[in-house]
Amino acid sequence: MLKISLGTLVLGYSLLVSACGGGAKEENAKLEKEVLQAHDSIMAYMGDFNHKSMKIDSILQNLDSLKAADASLDTAAKRADLASIKLKLDDANEAMTDWMHKFEPDQSGHPDDEVKKYLQGEKAKLDVLKRQFDAAKLASDKL
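Right under this line is the structure:
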């Protein structure tokens, strides 16, 4: 007959639990890396968006001069178009800033399943932000 001591059972169980927990930690580390990469890819837009927003402000302030140089310029349509682009740029930047203020990078002390759920949720939020930034970039590329 096979005799297994209590110590052997406890050791085996501990190894099994730590092996399973290690997988969850690795998965969470991978998710965290994906979240940070998504964050970094969006952040690359922000400086350009701020520059374009200031450029729009400058154009809007000088529409009268532009009209004097080109009498056929429809300043009302140009103003509306520029205001729409600026709103997209500013909304995207504001949404990212809001996300950064709410993001909690330190998840130590939380169970692995909660960390996974949190990181998956944050990744989904960043996916939405990425689409918003892509749309704002597309609109602003015609400046």
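So the sequence shown is numbered by our numbering: it starts at 2 and just counts up by one.
Using N, Cα and C, we set each Cβ at its ideal position, and we do this for glycine too.
- A straight-line Cα-Cα distance of about 42 Å links Ser66 and Lys126.
- For His111, there is no enclosing alpha helix (DSSP H), as DSSP gives it neither H nor E.
- When DSSP states are grouped into helix, strand and coil, Phe50 belongs to the helix group.
- Our two residues, Ile60 and Asn29, have alpha carbons roughly 47 Å apart in a direct line.
- Within the segment 65 to 124, complete alpha helix (DSSP H) segments of at least 4 residues are found at 76 to 103, given in chain order.
- The three-state reading of DSSP puts Lys143 in coil, since its state is none of H, G, I, E or B.
- Comparing alpha carbon positions, the residue from Ala25, Lys143, Asp92 closest to Val129 is Asp92.
- When the Cα atoms are used, Met55 and Tyr46 turn out to be separated by approximately 14 Å.
- Nearest in C-alpha terms to Trp100, of all of Asp75, Ala77, Leu120, is Leu120.
- Taking all protein chains in view, the Cβ of Met44 is surrounded by fewer than 16 other Cβ atoms within 10 Å, so the residue is classified as exposed.
- The three-state reading of DSSP puts Asn63 in coil, since its state is none of H, G, I, E or B.
- Between Ala39 and Lys117, the C-beta spacing is not below 8 Å.
- With 16 or more other Cβ atoms from the protein chains shown falling within 10 Å of its own Cβ, Ala137 counts as buried.
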